[in-house]
Amino acid sequence: MIVAKFGGTSVADAAAIRRLVEIVRTRLADRPIVVVSALAKVTDTLLALAPLACAGDDVTLDAAIGALLERHAATAHGIGPAAEAVLPAIADDAAALRRELGAAFGRPLRPAELDALAGRGELWSSRLVAAAFAEAGLDAPWVDMRTVMLTDNRFGRATPQMQVFTARARERLRPLVEAGGVPVTQGFIGATSDGTPTTLGRGGSDFTASLLGAALGVQRVEIWTDVSGLMTADPRIVPAARTLRAASYEEAAELATFGARVLHPATALPLVRAGIPIVVLNSTRPDDPGTTVEPSAELERLGDSPVRSISWKRGITVVNVRAPRMLGAYGFLRAMFEVFERHETVVDVLASGEVSVSLTVEDPGRLDAVVRDLSELGEVWIETGRAIVAVVGIGMRTTPGLAARLFRAVQPANVEVISQGASAINVTFVVREEDGPGVVRRLHQEFFGI
Ligand code: ASP
Ligand code: MG
144 MIVAKFGGTS VADAAAIRRL VEIVRTRLAD RPIVVVSALA KVTDTLLALA PLACAGDDVT
204 LDAAIGALLE RHAATAHGIG PAAEAVLPAI ADDAAALRRE LGAAFGRPLR PAELDALAGR
264 GELWSSRLVA AAFAEAGLDA PWVDMRTVML TDNRFGRATP QMQVFTARAR ERLRPLVEAG
324 GVPVTQGFIG ATSDGTPTTL GRGGSDFTAS LLGAALGVQR VEIWTDVSGL MTADPRIVPA
384 ARTLRAASYE EAAELATFGA RVLHPATALP LVRAGIPIVV LNSTRPDDPG TTVEPSAELE
444 RLGDSPVRSI SWKRGITVVN VRAPRMLGAY GFLRAMFEVF ERHETVVDVL ASGEVSVSLT
504 VEDPGRLDAV VRDLSELGEV WIETGRAIVA VVGIGMRTTP GLAARLFRAV QPANVEVISQ
564 GASAINVTFV VREEDGPGVV RRLHQEFFGI
């Protein structure tokens, strides 16, 4: 058995969905289970309905829902009669959504309502994909992942309950595969024990795929996207960037955390224990070998250095705390982290000196509250418009002269926070956002000569 997950761009329209069917057809002997995202951009479009409901703007809301339906209808027409036959079900669900949003007019949506809204795209796309298989003469039962993926009720980033999920996945999906079918289901969504819809967080379809892969002990998890795997850098910034043929779980997680938008950062987690490989593949170039992420990966060196890839992430805020009384005192860091915990704000990179600490935050949502509480511990100032650059490689800590070479290449950009974790595979630092692309280019040139 394998799990084959197709992201939004791989189900963007009828042509993409037909390509998906052909890709899966070449893998029937591997007994695939198909996991899909919403059609490209649909999750964003759905979430953009929330403020319209809050503003009570029914005209714009109706137009936006109409456009979404139109997009799914056009896709169905491009696929054929089997897909057209599921349009009434999608339209009914859109009507239900419209009623739910109508009931929320004049107030912000509650977290549970936001999840019910955001998860609709996957329900609709998976209907179309299952129909496309039927159109191609394949038996592709549609499975509602909300009846399999049991989660807690942390809406917006719910945590799967692995035992129940595993048991249900085996009970529900295995027989379908054994009967020769290609089950089609949704990434990203789940439900609480009372059936309230939840989501696993943005980009969570990859995570669903790997959770399913772990539950079923599959041979591999394929992640189909629109680039040919993990790369030495973002090809939009470094056109000569190359694909990594192999990567370790650790590298994949680092790259995913720091900006390579190919994989959800948690994708490797469920697969580590069983050592199940993840293969990242390009649905527009299905013959490209892609990147295989696995524990025994032979990590090739791409230049005369230990560096294997460079990623960056913009939209970062640096929070600095200066507190002379932390000198020689204990409990300071704990007090500081309690503030972040209280406001559920994730810290990515941390660097600490004798009397000051700098941390990076991606989601500025509750920054005001964080700064207010941190101010009780010391002097606090923030810097916005920053970017994190992550240089990932093998044995980075043990290579003499690497840091000097790295920071020479970064110049003239100013480096603000430097961090090298205990894992010997990355060096992370902060620069101004506008310097990011240039820094990535110069580092790529320095370490790969292109
Ligand atoms: N459709 C969801 C999102 O856009 C989940 C995913 O694509 O992985 O976040
Ligand atoms: Mg994704």
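Convert by adding 143 to the 1-based position in the sequence shown; the result is the number in the working numbering. All C-beta atoms in this analysis are idealised placements derived from N, C-alpha and C, irrespective of residue type, glycine included.
How is the alpha helix (DSSP H) around residue i delimited, first residue to last?
i	result
ILE419	From DSSP, ILE419 is part of no alpha helix (DSSP H); its letter is neither H nor E.
GLY356	348-359
ARG363	Taken as a continuous stretch (DSSP letters only), ARG363 belongs to no alpha helix (DSSP H), being part of the beta strand (DSSP E) at 363-368.
GLY508	GLY508 -> no alpha helix (DSSP H), and no H or E assigned at all.
ARG311	305-321
VAL450	No alpha helix (DSSP H) holds VAL450; the beta strand (DSSP E) holding it covers 450-465.
THR400	392-400
ASP205	201-222
ILE114	Since the first residue shown for the chain is 144 and the last is 593, residue 114 is missing from the structure and cannot be characterised.
ALA255	254-261
MET539	Counting along the chain, MET539 falls outside any alpha helix (DSSP H), and DSSP gives it neither H nor E.
Strictly by DSSP, which residues pair up with residue i?
i	result
TRP267	Paired residues: none, contrary to the question.
MET374	THR386
PHE572	VAL532, ILE561
SER501	ASN463, ALA494
VAL327	VAL177, TRP285
ASN296	Answer by DSSP bridge pairing: none, since ASN296 is not bridged.
LEU424	TRP367
Ends of the beta strand (DSSP E) at residue i?
i	result
ALA533	522-536
PRO438	Unbroken run through PRO438: none, as it is neither H nor E.
PRO175	175-179
LEU493	490-495
PHE149	145-149
GLY333	332-334
PRO340	340-342
Compare the C-beta of residue i with all C-beta atoms of chain C and state if any pair is closer than 8 Å.
i	result
ARG477	In the displayed structure, chain C is absent; only one protein chain is listed.
Quick check on this structure: which residue in the options has the alpha carbon closest to the alpha carbon of residue i?
i	options	result
ARG529	LYS456, PRO326, SER268	LYS456
PRO175	LEU182, ALA181, GLU165, ALA225	GLU165
THR290	PHE308, VAL423, ALA234	PHE308
VAL286	THR302, PRO382, LEU266, ARG300	LEU266
ALA159	ASP369, ALA216, ALA533, ALA277	ASP369
VAL498	GLY360, ALA472, THR460	ALA472
LEU586	HIS215, ALA547, GLY564	ALA547
ARG451	PHE480, LEU412, ALA411, GLU397	GLU397
ALA283	GLU321, GLY262, ASP295	GLU321
ARG168	VAL325, GLU589, ILE208, THR294	VAL325
When burial is assigned at 16 or more other CB atoms within 10 Å of the CB, is residue i buried or exposed?
i	result
SER336	exposed
ARG444	exposed
LEU517	buried
GLY402	buried
VAL202	exposed
GLN306	exposed
PRO194	exposed
HIS407	buried
TRP367	buried
VAL489	exposed
LEU470	exposed
GLN329	buried
ALA512	exposed
Considering only heavy atoms of the ligand MG, list every residue whose Cβ is less than 5 Å from one of them, following chain order.
-> GLY150, GLY346
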